[in-house]
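**Q** In UniProt numbering, the protein residues as written are 1 to 188.
Note that the Cβ used here is the ideal one computed from N, Cα and C, for glycine as well.
One structure is given below, represented as structure tokens, and several questions about it will come after.
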């Protein structure tokens, strides 16, 4: 099996520029680095390190199916999914829409956080995708999928991963309320 890493074609954002202009989806100009995995089969019962199969920030709609398929490996017996959506309220106020902005280093940070969770947990595969740009109520903002041999490990790693992403990855939410007021969430 090979690991594919997508890189968006074209220039990267300059320091301080919004990363929402960079698309990480697999378009016609996308380059793929294919790294073959060793053909060495692990010993039965051996602990195989988890892999970060997908860690991405996109300005296009997210796919739960893509993340789930990414972690569906032969030795996975349980998959835990977290899907974060835009809700219509926050702290008793009606939310009309919101926008996510990502720091230029956010893609590297989300991959780092996923790798840390993979290294510290008994899981086989991790996939995470976070959305940027304007989103309406009901749209998917983040998808996290963790595949493990057993459900307990998958649930624990999934929860840690989404919590660590919210705490450590520089992605900020700009909420626009129904009354016209707005606020930034997560900006420090």
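1. Would you check if the stretch 165-180 and the stretch 95-105 touch, i.e. whether three or more CB-CB distances between them fall below 8 Å?
2. Closest to residue 116 by CA distance: which of 66, 57, 163 and 102 is it?
3. Would you check if the distance between the CB atom of residue 73 and the CB atom of residue 125 is smaller than 8 Å?
4. Take residue 63 and list the residues in its own chain whose beta-carbon comes closer than 8 Å to its own, dropping the five residues that flank it on each side.
5. Alpha carbon to alpha carbon, what distance is there between residue 56 and residue 71?
6. For residue 179, which three-state DSSP category applies?
7. Measure the C-alpha to C-alpha separation of residue 172 and residue 114 and round it to an integer number of angstroms.
8. Going by DSSP in three states, residue 84 sits in which element: helix, strand or coil?
9. Where do the ends of the beta strand (DSSP E) carrying residue 75 lie?
10. Would you kindly work out how many angstroms separate the C-alpha atoms of residue 150 and residue 123, rounded to a whole number?
11. Let me make sure I understand the geometry here. Which of 109, 186 and 170 has the alpha-carbon closest to that of residue 52?
12. Per the DSSP calculation, residue 160 is bridged to which residue(s)?
**A** Taking the geometry as given:
1. Touching, yes.
2. Nearest neighbour of residue 116 by Cα position, chosen from 66, 57, 163 and 102, turns out to be 163.
3. Cβ distance < 8 Å, so residue 73 and residue 125 count as in contact.
4. Only 129 and 143 meet the Cβ criterion.
5. Cα to Cα, the separation comes out at about 14 Å.
6. For residue 179, the three-state secondary structure derived from DSSP is coil.
7. For residue 172 and residue 114, the distance between alpha carbons rounds to 18 Å.
8. Reduced to three states, the DSSP call for residue 84 is strand.
9. Where residue 75 is concerned, there is no enclosing beta strand (DSSP E), because DSSP gives it neither an H nor an E.
10. Computed Cα separation, rounded: 9 Å.
11. Residue 52 has its Cα closest to that of 109, out of 109, 186 and 170.
12. The beta-bridge partner set that DSSP reports for residue 160 is empty.
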